[in-house]
Amino acid sequence: MELRQLLYTLKIAEERNFSRAADKLHIAQPSLSQQLSKLEKELGVKLFQRNTSTVELTHAGASFIKHARKIMDAVEQLRQEMDDISQLRAGRVIIGSMPITGSHLLPYVLPAFKEAYPDIQVNLLEDTSLNLEKLTAGGGTDLSLLSLPLQEPSLTYEPIGEEKIDLAIPPNHDLADPNNRPKGGVSLEQLKGESFIVLKKGQGFRKIMMDLCRAAGFEPDIVFESNNIETVQSLVAAGMGITLVPRFIARAKRSELIPVYVPLAEPVPSRTLVIAYRRGRYLSKAAEAFIETFRKTIEQRMKEEA
């Protein structure tokens with residue numbers, strides 16, 4: 001069994017098509033089929049069920065792919081460690097990010113990182129919190145920007161900072177008038193009975209919001225759900241309900257539909273932003289440098305937001 005055969009098999013499983021897999025691997029399709037047949041003969045099992053239009057994993061194939069991913073990830077970690085030791089090349093880091101949070105923070109972090117480490121290549125992968133945790137656990141990213149709590153037990157993390165959470169309400173809401181608000185801020189208990197607009201399941205901040213409401217003694221009355229926090233804020237601004245918003249994500253003043261942002265009472269709820277990675281995974285010097293740059297940049301942003 002050769003490493004290239006593992007790589008070929010993973011690419012076939014990913015593409016579900018021999019022709020596309022061969023193109024991505026930059027080899028001829030007959031060579032790809034020959035290597036797979038050789039591997040299947042050595043293993044004594046069929047890894048793929050082939051017909052004229054599709055390629056599907058067999059039961060043995062699914063098990064093989066699971067272990068092959070781990071092996072290739074271990075090979076990549078070994079390569080990164082040897083590169084760091086030999087210092088023969090600058091390196092690369094694959095970063096996972098929640099799309100909206102990343103869109104507000106990465107424009108500050110990535111230029112600072114590029115300036116400090118111009119020869120380190122950064123690849124960005126955006127997805128939901130739940131999918132990012134799975135990708136990070138499987139070696140699909142080196143690091144991922146997430147918020148606590150993490151659901152995937154195989155992940156560990158470096159805390160980046162505490163981001164305060166604000167209440168977002170329509171401009172015609174009673175609480176939009178500062179004279180109608182308690183001096184110490186609006187308590188979560190006051191929001192019982194309000195119509196809530198929330199993110200859909202799979203988004204990390206949805207769980208934070210639901211947990212905060214439940215800790216305040218009520219189940220939020222959800223009237224709309226969206227995959228996009230920007231859409232949520234637009235619906236709030238249009239008078240359809242209220243929501244909670246991480247402070248970094250509060251709508252820019254240039255937007256057409258802007259909610260009114262109201263501070264919450266002490267203790268002000270917050271979410272903990274973290275850089276997560278698989279427990280026990282070797283962190284390259286490039287990854288360590290990215291974590292440090294992210295932490296310093298976000299600390300500065302938090303000072304400006306305070």
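Just so it is clear: in the sequence shown, position 55 is 55 by UniProt numbering, and no numbers are missing. Ideal Cβ positions, reconstructed from N, Cα and C, are used throughout, including at glycine. All values derive from a computational prediction rather than experimental measurement.
Scanning Arg281, Phe113 and Glu230 for the CA closest to the CA of Phe290 turns up Phe113. Taking Phe48 as the centre and dropping the five residues before and after it, the same chain places the C-beta of Ile12, Val55, Glu56, Leu57, Thr58 and Gly61 closer than 7 Å to its C-beta, in chain order.
Fully contained in the stretch 241-300 are the following beta strand (DSSP E) runs of length 3 or more, in chain order: 243-246, 260-262 and 270-278.
Val262 and Ile169 do touch by the CB rule: their CB atoms are close to 6 Å apart, below 8 Å. Under the three-state reduction of DSSP output, Gln77 falls in the helix class. Minimum Cα-Cα distance from Glu219 among the listed residues Val198, Gly204, Gly239 and Gly202 corresponds to Val198. Three or more Cβ pairs closer than 8 Å define a contact, and the stretch 114-130 meets that threshold against the stretch 97-105. Take the alpha-carbon of Arg271 and the one of Leu244: they are about 11 Å apart. In this structure, the alpha-carbon of Val93 lies about 27 Å from that of Lys303. Per DSSP, reduced to three states, the secondary structure at Lys164 is strand.
C-alpha of Ile258 to C-alpha of Ile249: approximately 12 Å in a straight line. For Ser31, the number of other beta carbons within 10 angstroms of its own is below 16, and it is reported as exposed.
Between the alpha carbons of Phe205 and Ala21 lies a gap of roughly 37 Å. Residues of the same chain with a CB within less than 6 Å of the CB of Ala216, apart from the 5 flanking positions on each side, are Leu188 and Glu189 in chain order. Secondary structure note for Leu7: its alpha helix (DSSP H) is the uninterrupted segment Leu3 to Glu15.
Measuring C-alpha to C-alpha distances from Leu273 to each of Met82, Tyr8, Pro118 and Lys164 identifies Lys164 as the nearest. For Glu42, the closest of Gln77, Gln5 and Val75 by C-alpha to C-alpha distance is Gln5. Collapsing the DSSP output to three states places Pro178 in a helix. Annotation: His104 to Arg247 spans about 10 Å, alpha carbon to alpha carbon.
Here the alpha carbon of Ala286 sits roughly 14 Å from the alpha carbon of Glu76. Straight-line measurement puts the Cα of Val122 at about 12 Å from the Cα of Glu115. Less than 8 Å separates the beta-carbon of Gly161 from that of Glu299. DSSP places Thr128 outside both helix and strand once states are collapsed to three, so it counts as coil.
As computed with DSSP, Glu225 is found in a beta bridge with Val198. Selection Arg50, Ser37, Gly185 and Ile242 evaluated against Glu225 yields Ile242 as nearest (Cα-Cα).
Beta-bridge partners assigned by DSSP to Pro159: Val274. In this structure, Gly239 is the residue among Gly239, Leu212, Ile208 and Glu230 with its C-alpha nearest to the C-alpha of Val223. CA-to-CA, the gap between Leu235 and Ser284 works out to about 43 Å. Annotation for Val260: Ile169, Pro171 and Ala176 place their beta carbon closer than 6 Å to its own, counting only its chain and skipping 5 residues before and after. In the structure shown, the three-state DSSP call for Leu145 is strand. In the DSSP assignment, no residue is bridged to Gln203. Counting only residues of its own chain and dropping the five nearest sequence neighbours on each side, Lys24 has a CB closer than 7 Å to the CB of Lys11 and Glu15.
Between the alpha carbons of Asn17 and Leu3 lies a gap of roughly 20 Å.
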